[in-house]
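Residue numbers (the numbering used here): 35 to 198. Even for Gly, the Cβ is constructed at its ideal location relative to N, Cα and C.
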Amino acid sequence: MFAIEALPTNAIELENVIQTVANIEAVVQPDDAWNQKTLTELLEQDSICLLIAYDQAKEESVSHREIVGYCLYQTTFEQAEVLRIGTDPKYQRQGIALQVLNKLHELLQLNQVESLLLEVRADNAAAIALYEQQAFSIIHRRKGYYKVPHEPAIDALIMQHTYI
Ligand SMILES: CC(C)(COP(=O)(O)OP(=O)(O)OC[C@H]1O[C@@H](n2cnc3c(N)ncnc32)[C@H](O)[C@@H]1OP(=O)(O)O)[C@@H](O)C(=O)NCCC(=O)NCCS
């Protein structure tokens, strides 16, 4: 159904993939989307990688694959962090983020990573449910971290999944 893969190495394909991920970001994280330039600069760092979810049912050709989700992550020695994760709204609730995280766990364990961290807004019920299903637990709460004009600030939760 969905294939989870690392970034392509072909430069043109790479540019298209990053642009598509930026387009999905703009929809799923409208207040704080990372654009193509930001994503490209981040991916120039060796420690930062992107996993892509493709819809296999819509594979027309190698250069025209439907991107439906992504996860940007960083690995620093024995610790990794999810920097961004998102699923195209048309494809949400079909198990894509779960599949992406399972692939990520597999890759991190192969690289002897001991724990995976992430930060999530305390009001992001969908993401928190996803992480709890993946055995992440809350290890810290940053009180009032997300400032929203004319509204109470929202806490940030730091969640961790351990492999050892
Ligand atoms: C969070 C997000 C990545 C989940 O992607 P997804 O591909 O739809 O997730 P999945 O289909 O793999 O869902 C797996 C589980 O997560 C939980 N979940 C996902 N979306 C949910 C929702 N809208 N409400 C409640 N639980 C939800 C459920 O436990 C679900 O399992 P179930 O469908 O068997 O009940 C997606 O909603 C998204 O892109 N959100 C906007 C970006 C974002 O918030 N990213 C995280 C920032 S920390």
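- At least one heavy atom of ligand 1 falls within 8 Å of the beta-carbon of Ile130.
- The Cβ atoms of Ile82 and Ile38 lie no closer than 9 Å to each other.
- Shortest Cα-Cα distance from Ile46 to any of Val61, His98, Gln79 involves His98.
- Contact annotation: Ile188 and Tyr179 have beta-carbon atoms nearer than 9 Å.
- Here the C-alpha atom of Ala169 lies approximately 20 Å from the C-alpha atom of Gln126.
- Contact between the segment 128-138 and the segment 59-69 is absent: fewer than 3 CB-CB pairs across the two stretches fall below 8 Å.
- A Cβ-Cβ contact shorter than 9 Å links Ile162 with Leu191.
- Cβ-Cβ distances below 7 Å link Glu93 to Arg99 in the same chain, with the five nearest sequence neighbours on each side left out; the list follows chain order.
- Under the three-state reduction of DSSP, Pro64 is assigned to coil, being neither helix nor strand.
- A check of alpha carbon separations from Ala40 across Val51, Val55, Thr72, Leu84 identifies Leu84 as the nearest.
- In the DSSP annotation of this structure, the continuous segment of the alpha helix (DSSP H) that includes Gln143 starts and ends at 130-144.
- A distance below 9 Å separates the beta carbons of Ala56 and Leu73.
- Relative to ligand 1, even the nearest heavy atom lies 8 Å or more away from the CB of Thr54.
- Restricting attention to beta strand (DSSP E) runs no shorter than 3 residues, the segment 87-114 encloses them at 101-110, ordered along the chain.
- If you look at Gln126, you'll find it isn't in any beta strand (DSSP E); DSSP assigns it neither H nor E.
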